[in-house]
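S.K.: Each residue of the sequence shown is one higher than the one before, counting from 134 in the working numbering.
Quick reminder that beta carbons are idealized off the backbone N, C-alpha and C, glycines included.
Just so it is clear, the structure is predicted and the values come from calculations on it, not from any experiment.
Here it is, the structure, as structure tokens.
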Amino acid sequence: MTGRRRISRTSLSLGALAACASLAVGCGVVPGVTGGSGDDTITVMTWAPQGTDATNKPGMPALAQAYARWVNEHGGLSGHPLKVLTCNDHNDSVAAAKCARRAVQEDVVAVVGSYSQYADSFLPVLEGAGIPYIGGYGITSEEFTSPLSYPVNGGQPALLAGLGAALADGCGPVTLVRPDTIAGDQLAPLLDSGLTAGGHAGAQDQRAAEDATEYGGQADRALQRSTEGGAAEPGCVVPVLGDRTDTFMDSFRRARDAYAEVRTATVLGSVDQSTVNATGGASSPYEGSYVTGWYPVETDELWDPMKKVIKEKAFGDNRVDAADAGVQTTWIAYTVLKKVVAALGDGEVTADAITGALDDGLKIDTGGLTPTLHWTFAADLASVGFPRLVNTDVTLQVVREGRLVSARNGFLDTVETLRNADVT
């Protein structure tokens, strides 16, 4: 973006390093990897919430550290040792800002493969220091507007729009159960964009606490809404509550027998294969549910390189699940970092150099896991407020006999649906 102020990145002094070492914001570092002033180490950060009462993504920083161990055993990134710092944002705006400030103090060249719903807290800090945010989870709209954000997927916008399009033909009344948060407020118009594109009425928008321990009343209310009116097709309940989706479905399972038949659907990140397994496999309440995702199903051989790294460097670490959308996003984000570093050749790897390469038209091949990634402010969705949303593809999956399998071949492009979304 022309005219954007670039900030020079310099190595930390020994005094600054000592100051950074004294900070206590829940951060870690890959053991045995040196870095700092006087070497060519590439230092990055990956953050995500862990140990909270709401959505947790411990697999993202865990995979990042496993990736660093694997890369450093194989010569680093184009010969540069990789140092990965991690931080826990605690699902809290203050902690998210602290993670960003730690990234600045540690002189990282990028924040890579991370999750936080508090972009309004951390992105201004990164922007002020010129640090790129590569491969965020796509949970907030700011990730698709910031000039220093480089999302690798279509985030919640693409997932919800694609899900709405998939449900339009086969559902009666649709009820969306979503978090009563600022990020949750964005979900209903996105689901509606897909529903209305298929000639269906918009969904009933039902708010719920994102950290509740049970959802009996919410399940009854959703079932009532989705079975009223005598529609020709069964109603559909769409819970999008992150980690609490499983808690909702436990309440839903107990309540559903008192109502007419309904179908369920959701998005990857709220449900994955481990969730289906833990809730009964083929007898799970998710059986028959449509699920939209960003990437190919976990059993696709395209994921074999990631699984090799997990097997070699995270074997036995139950935080790292190859089927988890956060883990997959982190893998792709580090793939982007690797390609950028390679493109810089013998040049210095700094935050400015990385953003310069990406802004100057570098195209990233992710091996078929996404379309070729190429960020530009002339993106198709700039007119509706998503100028950085460059990957509008989603996959449609279904839970069949207890397994998440592809419901259709290839990707579904949601760009036209999103162009008509009312997200103002």
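Would you report the Cα separation of Leu-551 and Leu-323, rounded to the nearest angstrom?
M.R.: Working through the sequence shown from its first residue, we reach residue 551 at position 418. Working through the sequence shown from its first residue, we reach residue 323 at position 190. Spanning the two alpha carbons is a distance of roughly 8 Å.
S.K.: According to DSSP, simplified to helix, strand and coil, what is Met-497?
M.R.: On the sequence shown, residue 497 is found 364 positions in, with the first residue counted as 1. Inspection of the sequence shows that residue 497 is occupied by Ile rather than by Met. Three-state DSSP puts Ile-497 in a strand.
S.K.: Go through its chain and collect everything with a Cβ distance to Gly-165's Cβ below 6 Å, but skip five positions before and after it.
M.R.: As a first step, residue 165 must be located in the sequence shown, where it is residue number 32. At Gly-165 the pLDDT is 37, less than 50, meaning the model places this residue with poor confidence; the figure from the coordinates comes in the next sentence. Excluding five sequence positions before and after Gly-165, none of the CB atoms of its chain fall closer than 6 Å to its own CB.
S.K.: By how many angstroms is the C-alpha of Ala-475 removed from the C-alpha of Gly-212?
M.R.: Locating residue 212 in the sequence shown gives position 79, counting from the first residue. Locating residue 475 in the sequence shown gives position 342, counting from the first residue. Rounded to whole angstroms, Gly-212 to Ala-475 spans 9 Å at the Cα level.
S.K.: Buried or exposed for Ser-416, please, with buried defined as at least 16 other CB atoms from any protein chain shown within 10 angstroms of its CB.
M.R.: Mapped onto the sequence shown, residue 416 falls at position 283. A residue is called buried when at least 16 other Cβ atoms come within 10 angstroms of its Cβ; Ser-416 does not meet this threshold and is exposed.
S.K.: By DSSP, does Tyr-467 sit in helix, in strand, or in coil?
M.R.: The residue you call residue 467 lines up with position 334 of the sequence shown. In the structure shown, Tyr-467 sits in a helix (DSSP, three-state: H, G or I).
S.K.: Could you please give the first and the last residue of the uninterrupted alpha helix (DSSP H) stretch that includes Asn-221?
M.R.: Stepping through the sequence shown from its first residue, residue 221 is reached at position 88. Premise fails: Asn-221 lies in the beta strand (DSSP E), 215-221, not in any alpha helix (DSSP H).
S.K.: Mind checking who Met-178 pairs with in its DSSP beta bridge?
M.R.: Indexing the sequence shown from 1 puts residue 178 at position 45. DSSP lists Leu-218 and Val-244 as the bridge partner or partners of Met-178.
S.K.: Once the 5 residues before and after Arg-354 are set aside, which same chain residues still bring their CB inside 7 Å of it?
M.R.: Sequence index remark: in the sequence shown, residue 354 carries index 221 (1-based). Closer than 7 Å at the Cβ level, and outside the excluded window around Arg-354, lie Gln-339.
S.K.: Would you kindly report the start and end of the unbroken beta strand (DSSP E) that includes Ser-539?
M.R.: One-based indexing of the sequence shown puts residue 539 at position 406. Counting along the chain, the beta strand (DSSP E) containing Ser-539 begins and ends at 536-539.
S.K.: Of the residues Ala-484, Pro-520 and Thr-528, which one's Cα is nearest the Cα of Thr-503?
M.R.: The count along the sequence shown starts at 1 and reaches residue 503 at position 370. Of the listed residues, the one whose Cα sits closest to Thr-503 is Thr-528.
S.K.: Is Arg-521 closer than 7 Å to Ser-282 when the C-beta atoms are compared?
M.R.: Mapped onto the sequence shown, residue 282 falls at position 149. Mapped onto the sequence shown, residue 521 falls at position 388. A distance below 7 Å separates the beta carbons of Ser-282 and Arg-521.
S.K.: Using the C-alpha atoms, what's the distance from Asp-344 back to Trp-436?
M.R.: On the sequence shown, position 303 is the one that residue 436 refers to. On the sequence shown, position 211 is the one that residue 344 refers to. C-alpha separation (whole angstroms): 32 Å.
S.K.: Excluding the five sequence neighbours on either side, which residues of its own chain have a C-beta within less than 8 Å of the C-beta of Thr-488, listed in chain order?
M.R.: As a first step, residue 488 must be located in the sequence shown, where it is residue number 355. Counting only Cβ-Cβ distances below 8 Å, and skipping sequence neighbours, we find Arg-139, Gly-263, Pro-265 and Leu-281.
S.K.: Any idea if Glu-276 is buried or exposed, counting beta-carbon neighbours within 10 angstroms, 16 or more meaning buried?
M.R.: Against the sequence shown, residue 276 aligns to sequence position 143. Answer is buried; the Cβ neighbour count reaches 16.
S.K.: In the structure shown, what three-state DSSP assignment does Ser-170 receive?
M.R.: Locating residue 170 in the sequence shown gives position 37, where the first residue counts as 1. Here Ser-170 scores only 37 on pLDDT, less than 50, and its place in the model is too uncertain to base an answer on.
S.K.: One question on the structure: do Ala-229 and Tyr-251 come within less than 7 Å of each other, judged by their Cβ atoms?
M.R.: As a position in the sequence shown, residue 229 is number 96, starting the count at 1. As a position in the sequence shown, residue 251 is number 118, starting the count at 1. Against a cut-off of 7 Å, the Cβ pair of Tyr-251 and Ala-229 comes out as a contact.
S.K.: Since Ala-181 and Ser-247 should fall inside the 8 Å C-beta cutoff, what is the C-beta to C-beta distance between them, to a whole number of angstroms?
M.R.: Working through the sequence shown from its first residue, we reach residue 181 at position 48. Working through the sequence shown from its first residue, we reach residue 247 at position 114. Yes, they are in contact, since the Cβ atoms of Ala-181 and Ser-247 sit about 6 Å apart, within 8 Å.
S.K.: Compute the Euclidean distance between the alpha carbons of Tyr-349 and Asp-186, then round it to the nearest angstrom.
M.R.: Position 216 of the sequence shown, counted from the first residue, corresponds to residue 349. Position 53 of the sequence shown, counted from the first residue, corresponds to residue 186. In the sequence on display, residue 349 carries Gly and not Tyr. For Gly-349 and Asp-186, the distance between alpha carbons rounds to 18 Å.
S.K.: Does the distance from the C-beta atom of Val-430 to that of Thr-397 stay below 7 Å?
M.R.: For the purposes of this step, residue 430 is taken as residue 297 along the sequence shown, with counting starting at 1. For the purposes of this step, residue 397 is taken as residue 264 along the sequence shown, with counting starting at 1. Between Val-430 and Thr-397, the C-beta spacing is not below 7 Å.
S.K.: Measuring only the C-alpha atoms, how far is Trp-508 from Val-548?
M.R.: Indexing the sequence shown from 1 puts residue 508 at position 375. Indexing the sequence shown from 1 puts residue 548 at position 415. Each residue's Cα considered, the two are about 15 Å apart.
S.K.: Please name the residue, chosen from Ser-403, Leu-256 and Ser-516, that lies closest to Gly-459 on a Cα-to-Cα basis.
M.R.: Counted from its first residue, the sequence shown places residue 459 at position 326. Gly-459 has its Cα closest to that of Ser-403, out of Ser-403, Leu-256 and Ser-516.
S.K.: So what's Phe-544 in DSSP terms, helix, strand or just coil?
M.R.: Indexing the sequence shown from 1 puts residue 544 at position 411. It is coil, neither helix nor strand.
S.K.: Could you say which of Leu-215, Ala-455, Asp-302 and Gly-494 lies nearest to Glu-434 if we only look at CA atoms?
M.R.: Against the sequence shown, residue 434 aligns to sequence position 301. When only C-alpha atoms are compared, the closest one is Ala-455.
S.K.: One question on the structure: do Leu-470 and Val-244 come within less than 7 Å of each other, judged by their Cβ atoms?
M.R.: Locating residue 470 in the sequence shown gives position 337, counting from the first residue. Locating residue 244 in the sequence shown gives position 111, counting from the first residue. Not a contact, by the Cβ cut-off of 7 Å.
S.K.: Who are the near neighbours of Ala-558 in its chain, counting only those whose CB is closer than 6 Å to its CB and skipping five residues on each side?
M.R.: Past the edges of the chain, shown from 134 to 557, lies residue 558, and the structure says nothing about it.
S.K.: What is the DSSP secondary structure of Gln-337, reduced to helix, strand or coil?
M.R.: Taking the sequence shown and counting its residues from 1, one reaches residue 337 at position 204. Here Gln-337 sits in strand by DSSP.
S.K.: Quick one: grab the DSSP three-state call for Tyr-423.
M.R.: Position 290 of the sequence shown, counting from 1, holds the residue named residue 423. The three-state reading of DSSP puts Tyr-423 in strand, counting E and B together.
S.K.: List the residues that DSSP assigns as beta-bridge partners of Ser-282.
M.R.: On the sequence shown, residue 282 is found 149 positions in, with the first residue counted as 1. Ser-282 pairs with Tyr-266.
S.K.: Count the C-beta pairs between the region 383-395 and the region 419-430 that are closer than 8 Å, then say yes if the count reaches three, no if not.
M.R.: no
S.K.: So what's Leu-210 in DSSP terms, helix, strand or just coil?
M.R.: If you number the sequence shown from 1, residue 210 lands on position 77. The answer is strand: DSSP assigns Leu-210 an E or B state.
S.K.: What's the call for Glu-481, buried or exposed, on a 16-neighbour Cβ count within 10 Å?
M.R.: Here residue 481 is taken as the residue at index 348 of the sequence shown, counted from 1. Answer is exposed; the Cβ neighbour count stays below 16.
S.K.: For Ala-540, which residues in the same chain have their Cβ closer than 6 Å to its Cβ, ignoring the five residues on either side in sequence?
M.R.: On the sequence shown, position 407 is the one that residue 540 refers to. If we look at Ala-540 and ignore the five residues flanking it on each side, its Cβ neighbours are Leu-529, Gln-530 and Val-531.
S.K.: Suppose the cutoff is 7 Å on Cβ atoms and the five residues either side in sequence are ignored; what does the same chain contact list for Ala-466 look like?
M.R.: Numbered from 1 along the sequence shown, position 333 holds the residue referred to as residue 466. The answer, listed in chain order, is Val-245, Gly-246, Ile-267, Gly-268 and Val-285.
S.K.: Thr-378 to Lys-496, Cα distance in whole Å?
M.R.: Looking up residue 378 in the sequence shown gives position 245. Looking up residue 496 in the sequence shown gives position 363. Distance between the alpha carbons of Thr-378 and Lys-496: 36 Å.
S.K.: Find out if the Cβ-Cβ distance for the pair Gln-337, Thr-308 is shorter than 7 Å.
M.R.: The sequence position of residue 337 within the sequence shown is 204, counting from 1. The sequence position of residue 308 within the sequence shown is 175, counting from 1. Yes, the Cβ-Cβ distance between Gln-337 and Thr-308 is below 7 Å.
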